[in-house]
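**Q**
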Amino acid sequence: MVAVVEHAREQHEAVWHAGVHRDPVRGADLVQELTTLGMSVLAAGLCVPRAHMRLTSIGAPVQVAGLQVAPGDLVHGDQHGVLRIPREHARRLAAVADEIRAEEQEIVGWARSADFSAKGLLALRRVRH
């Protein structure tokens, strides 16, 4: 579920179920309210409420910080940023993650072996997934 929250400024913000808010959340009371609805909030921080906020839509596509998110998309966010996985690719997510993990473990094994070299490491700089 994507809930779009309108601030007293022109740009809209968004919070996701078990999701992300790109700016500081304006008030601990909003975080508490969302938590009681079963939503977890990852935000840039908390700040004092200064503007009127109102819910403007639910389940509509939104753009947050340049990232277009549609209903049904998976969104993962942490301290490194936010990633969107379109609904049509979600079924393949576990298999692709397993492939990436296996490739990374192969590289880690090589890096710990006697065959490791700086020249070989530079050759691995290409992205394969």
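For the sequence shown, the numbering used here gives the first residue as 998, with consecutive numbering after it.
Built from N, CA and C at the ideal position, the CB exists for glycine as well.
Since we're looking at a predicted model, the values are computed, not measured.
#1: Can you tell me where the beta strand (DSSP E) with residue 1075 in it begins and where it stops?
#2: Quickly, what does DSSP pair residue 1065 with across the bridge? List them, please.
#3: Between the Cα of residue 1108 and those of 1118, 1099 and 1100, spot the shortest distance and give me the residue it belongs to.
#4: Using the beta-carbon count (16 or more within 10 Å), is residue 1031 buried or exposed?
#5: Got a sec, what are the start and stop residues for the beta strand (DSSP E) residue 1117 sits in?
#6: Which residues bound the alpha helix (DSSP H) around residue 1098?
#7: With DSSP collapsed to three states, give me the class of residue 1034.
#8: Pick from 1058, 1090 and 1057: whose alpha carbon is nearest that of residue 1073?
#9: Would you grab the beta carbon distance between residue 1070 and residue 1083 for me? Rounded to a whole angstrom, and I think it's under 8 Å.
**A** Reading it off the structure:
#1: To locate residue 1075, count along the sequence shown from 1; it is residue 78. Per DSSP, residue 1075 belongs to the beta strand (DSSP E) from 1071-1075.
#2: Position 68 of the sequence shown, counting from 1, holds the residue named residue 1065. DSSP lists 1060 as partners of residue 1065.
#3: Here the question's residue 1108 lines up with position 111 in the sequence shown. Ranking the options by Cα distance to residue 1108, first place goes to 1118.
#4: Stepping through the sequence shown from its first residue, residue 1031 is reached at position 34. Label assigned to residue 1031: buried.
#5: As a first step, residue 1117 is located in the sequence shown; it is residue number 120 there, counting from the start. Residue 1117 -> not in any beta strand (DSSP E); alpha helix (DSSP H) instead, spanning 1115-1120.
#6: The residue you call residue 1098 lines up with position 101 of the sequence shown. First-last of the alpha helix (DSSP H) with residue 1098: 1090-1108.
#7: Taking the sequence shown and counting its residues from 1, one reaches residue 1034 at position 37. DSSP places residue 1034 in coil when its eight states are reduced to three.
#8: Counted from its first residue, the sequence shown places residue 1073 at position 76. For the residues 1058, 1090 and 1057, the minimum Cα distance to residue 1073 belongs to 1090.
#9: Here residue 1070 corresponds to residue number 73 of the sequence shown, with the count starting at 1. Here residue 1083 corresponds to residue number 86 of the sequence shown, with the count starting at 1. With 8 Å as the limit, residue 1070 and residue 1083 qualify as a contact, their Cβ atoms being about 6 Å apart.
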